[in-house]
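In what follows, a single structure is set out as structure tokens and then discussed.
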Amino acid sequence: MSWVAQVKEKLQDKLVLALEAAKAAGEISYQELPGFIIETPKDKNHGDFATNLAILLAKQAQQNPRQIAQIICNNFNKENSWVENTEVAGPGFINFYLKPGWLSPGLRELLQKGSGFGDSLVGAGKKIQVEFVSANPTGELHMGNARGAAIGDTLANILAAAGYTVEREFYINDAGNQIEKFGLSLEARYLQLLGEDAPFPEDGYHGGDITQTMQQVINISGDKYKNMESALRREYLTCYALEQKISAAKTVLAEFGVEYDVWFSEQTLHDSGAVAAIITELLESGKAHEENGTIWFKATDFGIEKDEVLVRANGIPTYYAADIAYHKNKFKRGFDKVINIWGADHHGHVARLKAGIQAVGYEPERLQVILMQLVRLLSDGEVLRMSKRAGTYVTLQELIEEVGVDAARFFFVMRNADSQMDFDLDLAKSQSVDNPVFYVQYAHARISSIIEAAKAEGQAKGASAEANLDLLLEPVEMNLIRKLLDLPDEIAYAAATTSPHHIITYVMDLASFFHSFYNSCRVLGEDPELMAARLALCKATAICTAKCLKIVGVSAPTKM
RNA sequence: GCGCCUGUAGCUCAGUGGAUAGAGCACUGGCCUCCGGAGCCAGGUGCGCAGGUUCGACUCCUGUCAGGCGUACCA
Numbered sequence: 026m027s028w029v030a031q032v033k034e035k036l037q038d039k040l041v042l043a044l045e046a047a048k049a050a051g052e053i054s055y056q057e058l059p060g061f062i063i064e065t066p067k068d069k070n071h072g073d074f075a076t077n078l079a080i081l082l083a084k085q086a087q088q089n090p091r092q093i094a095q096i097i098c099n100n101f102n103k104e105n106s107w108v109e110n111t112e113v114a115g116p117g118f119i120n121f122y123l124k125p126g127w128l129s130p131g132l133r134e135l136l137q138k139g140s141g142f143g144d145s146l147v148g149a150g151k152k153i154q155v156e157f158v159s160a161n162p163t164g165e166l167h168m169g170n171a172r173g174a175a176i177g178d179t180l181a182n183i184l185a186a187a188g189y190t191v192e193r194e195f196y197i198n199d200a201g202n203q204i205e206k207f208g209l210s211l212e213a214r215y216l217q218l219l220g221e222d223a224p225f226p227e228d229g230y231h232g233g234d235i236t237q238t239m240q241q242v243i244n245i246s247g248d249k250y251k252n253m254e255s256a257l258r259r260e261y262l263t264c265y266a267l268e269q270k271i272s273a274a275k276t277v278l279a280e281f282g283v284e285y286d287v288w289f290s291e292q293t294l295h296d297s298g299a300v301a302a303i304i305t306e307l308l309e310s311g312k313a314h315e316e317n318g319t320i321w322f323k324a325t326d327f328g329i330e331k332d333e334v335l336v337r338a339n340g341i342p343t344y345y346a347a348d349i350a351y352h353k354n355k356f357k358r359g360f361d362k363v364i365n366i367w368g369a370d371h372h373g374h375v376a377r378l379k380a381g382i383q384a385v386g387y388e389p390e391r392l393q394v395i396l397m398q399l400v401r402l403l404s405d406g407e408v409l410r411m412s413k414r415a416g417t418y419v420t421l422q423e424l425i426e427e428v429g430v431d432a433a434r435f436f437f438v439m440r441n442a443d444s445q446m447d448f449d450l451d452l453a454k455s456q457s458v459d460n461p462v463f464y465v466q467y468a469h470a471r472i473s474s475i476i477e478a479a480k481a482e483g484q485a486k487g488a489s490a491e492a493n494l495d496l497l498l499e500p501v502e503m504n505l506i507r508k509l510l511d512l513p514d515e516i517a518y519a520a521a522t523t524s525p526h527h528i529i530t531y532v533m534d535l536a537s538f539f540h541s542f543y544n545s546c547r548v549l550g551e552d553p554e555l556m557a558a559r560l561a562l563c564k565a566t567a568i569c570t571a572k573c574l575k576i577v578g579v580s581a582p583t584k585m
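585 is the number that our numbering gives the last residue of the first sequence; the numbers go up by one with no jumps.
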């Protein structure tokens with residue numbers, strides 16, 4: 026448990042004791058202890074902690090909340106605690122003012138733990154999978170995929186820091202209709218490149234990358250497939266192109282800082298009979314039935330508006346059927362919970378999939394889908410609709426080259442997945458200096474520089490837990506320490522709410538507190554003891570800043 | 001029509017039922033002979049609208065308006 030949490034718990038115990046004492050003395054009457062909270066007031070004038078206990082008791086006790094608060098304060102035993110003073114405020118809050126130096130043990134703990142500070146065990150023993158990006162392997166990864174990549178990878182890092190065993194997975198949609206179309210498009214381009222007058226499929230993939238890939242095939246093996254039987258030719262070309270696309274995706278994602286544990290092929294679910302098994306299972310349990318050659322899942326029995334097709338009239342299973350099989354496979358692999366990050370345009374699929382999961386015997390709550398609103402692209406102040414057809418999309422590769430990994434990841438994680446965000450290309454390119462990522466990185470670089478300077482003067486040993494941390498009594502120092510000690514709770518909170526953007530909000534605040542401290546307190550050249558304490562505070566700030574940046578997948582430079 | 005998401009400052013966005021709702025950008029003025037001025041300090045405007053629950057609502061509920069996205073034998 027973090028130091029702040031320990032102090033809080035002690036406070037809570039003592040509050041309950043005070044209340045019981047008051048009851049025993051007949052000063053107040055109540056039946057049940059309400060679920061009160063102890064919080065950190067936003068306004069520093071309201072003390073270090075505050076509780077709403079008295080307000081919640083008012084009804085039961087049939088007394089004025091401020092009176093109750095006063096009674097509790099009178100019965101509160103400050104001995105053997107950090108509490109220096111209590112105060113009744115507002116509608117009946119009790120504010121606690123703690124003794125100077127109460128933060129020192131926490132700061133010492135932080136310095137001792139180093140980069141492990143912030144980790145917790147709230148998820149210990151639980152296994153979670155995060156599946157993200159999972160883009161069709163028929164084209165290049167684009168900016169929308171980049172948002173998913175940044176959010177998914179960061180979320181996985183957060184969950185790992187919170188003690189969960191985490192696996193990252195990319196689901197490769199290498200089966201079904203779109204692969205058919207892909208194959209037809211490849212074949213057409215291939216033949217066209219060889220001078221044939223091959224018609225391009227109606228709604229095929231028009232991307233130039235497909236032509237390039239086919240040019241590669243010709244460079245390698247000439248017209249080897251030209252006179253082959255069409256179906257076989259498509260199989261060869263598709264196989265080659267898929268391998269290329271997947272390998273390219275791996276490369277660019279790795280460049281973006283994302284490494285997956287598992288690349289899972291949809292096709293293997295068909296090959297292994299897992300999809301067929303699901304369909305049989307649903308038929309046999311009466312949850313599906315055949316009608317005119319089509320197999321329907323009775324989704325309406327699970328609260329869905331209409332039944333869903335599992336196998337089309339042409340005998341080919343739907344993506345939906347494969348997805349049920351896929352999620353059963355996930356649960357059989359022992360994940361307590363699986364999280365999917367999807368574009369919001371797939372939200373209609375969530376309820377259906379949950380119904381399917383339930384139908385094959387798993388609690389739908391074990392699947393969480395994080396819907397990510399789509400990225401709107403702005404250029405010259407105009408909204409560009411991202412479209413592969415129109416060629417108005419930015420690839421992940423281009424994004425990395427033009428904006429950089431640090432700025433791009435920071436930017437994508439900064440906003441709630443629910444927000445429909447605008448990405449101003451011109452701003453990202455031309456004014457990237459204004460990106461908040463630099464604000465945070467600058468703080469880290471500044472600290473590194475101070476510590477280097479201290480080393481040069483032979484003072485580096487000061488930046489340690491041995492310093493007399495009780496000397497850090499300036500308000501800007503206390504604010505900074507308090508913020509630093511919030512990190513474990515922030516990570517746990519971000520994990521519990523699966524909201525990566527909280528980490529950004531936190532680290533921006535942290536940087537702000539540090540810059541304020543820096544501007545009003547000197548570190549080097551002070552009295553040796555005070556300098557040692559301040560160096561330790563700087564070191565602690567660097568530790569927490571680097572920790573957050575690492576979680577987000579952004580570098581923590583020592584100089585800029 | 002029905003369903004999901006979103007409406008908070010001029011713009012982009014934070015905000016865990018608590019006290020006087022925040023940050024960045026943009027605008028104005030100030031700040032180190034000294035540790036990195038990519039920094040700090042100050043300046044003002046806002047919770048789409050209407051009800052309800054609550055001691056207390058940006059937060060929960062209902063209705064309504066606006067935008068986005070779904071509502072396939074596509075994925």
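Backbone N, C-alpha and C define an ideal beta-carbon position, used for all residues, glycine too.
All values reported here derive from a predicted model rather than from experimental measurement.
(request) Report the partner residues of residue 197 according to the DSSP bridge assignment. (result) 290
(message) In chain order, what are the residue ranges of uninterrupted alpha helix (DSSP H) at least 4 long that sit wholly in the segment 315-360?
(response) 344-357
(request) Taking residue 550 as the reference, give the member of 479, 46, 579 and 54 with the closest Cα. (result) 479
(request) Inspect the beta-carbon positions of residue 430 and residue 176 and report whether they are closer than 8 Å. (result) no
(request) Determine the DSSP secondary structure at residue 126, reduced to helix, strand or coil. (result) coil
(message) Counting C-beta neighbours from all protein chains within 10 Å, is the total for residue 342 16 or more, i.e. buried, or is it exposed?
(response) buried
(request) Name the residue from 85, 565 and 241 whose alpha carbon lies nearest to the alpha carbon of residue 134. (result) 565
(message) Counting beta carbon pairs with one atom in the segment 148-163 and one in the segment 250-257, are three or more of them shorter than 8 Å?
(response) no
(request) Drop a sphere of 10 angstroms on the beta-carbon of residue 287, count the other beta-carbons inside from all chains shown, and report buried for 16 or more, exposed for fewer. (result) exposed
(request) Identify which residue in 552, 40, 540 and 351 has its Cα closest to the Cα of residue 382. (result) 351
(request) Could you tell me the distance, in whole angstroms, from the CA atom of residue 73 to the CA atom of residue 580? (result) 33 Å
(request) Could you tell me how far apart the beta carbons of residue 585 and residue 466 are, in whole angstroms, since I believe they sit closer than 8 Å? (result) 6 Å
(message) Please report the distance separating the alpha-carbon of residue 45 from that of residue 102.
(response) 12 Å
(message) Quick check: what's the CA-CA separation for residue 347 versus residue 141?
(response) 41 Å
(message) Could you tell me the alpha carbon to alpha carbon distance between residue 218 and residue 244, rounded to whole angstroms?
(response) 11 Å
(request) Classify residue 63 as helix, strand or coil using the three-state DSSP reduction. (result) strand
(request) Note down the Cα distance separating residue 367 from residue 349, rounded to an integer number of angstroms. (result) 16 Å
(request) Please classify residue 274: does DSSP put it in a helix, a strand, or coil? (result) helix
(request) From the DSSP output, in three-state form, read off residue 305 for me. (result) helix
(message) With the cut-off set at 8 Å, would you say residue 419 and residue 450 are in Cβ contact?
(response) yes
(request) Kindly indicate which three-state DSSP category residue 238 falls into: helix, strand or coil? (result) helix
(message) Taking the alpha carbon of residue 498 as the reference point, which residue from 49, 334, 272 and 129 has its own alpha carbon closest?
(response) 129
(request) Compare the Cα-Cα distances from residue 495 to each of 516, 207, 555 and 333 and report the closest residue. (result) 555
(message) I'd like the span of the beta strand (DSSP E) that includes residue 392, first residue to last.
(response) 392-397
(request) Measure the alpha-carbon distance for residue 520 versus residue 421 and round it to whole angstroms. (result) 27 Å
(request) Using the Cα positions of residue 138 and residue 266, report the straight-line distance between them to the nearest angstrom. (result) 48 Å
(request) May I ask which residues mark the beginning and end of the alpha helix (DSSP H) holding residue 516? (result) 512-521
(request) Using beta-carbon positions only, say whether residue 525 and residue 180 come within less than 8 Å of one another. (result) yes
(request) Evaluate residue 156 with the Cβ neighbour count: other Cβ atoms within 10 Å of its Cβ, from every protein chain shown; 16 or more gives buried, anything less gives exposed. (result) buried
(request) Give me the Cα-Cα distance between residue 250 and residue 236, rounded to the nearest whole angstrom. (result) 16 Å
(message) Here's the rule I'm using: 16 or more other beta-carbon atoms within 10 Å means buried, otherwise exposed. How should residue 168 be labelled?
(response) buried
(request) Classify residue 32 as helix, strand or coil using the three-state DSSP reduction. (result) helix
(request) Output yes or no for whether 8 Å exceeds the beta carbon distance between residue 363 and residue 392. (result) yes
(message) To the nearest angstrom, how far is the alpha carbon of residue 569 from that of residue 482?
(response) 25 Å
(request) Determine which residues share a DSSP beta bridge with residue 155 and list them. (result) 193 and 364
(request) Quick one: measure Cβ to Cβ for residue 582 and residue 470, integer angstroms, because I've assumed they're closer than 8 Å. (result) 5 Å
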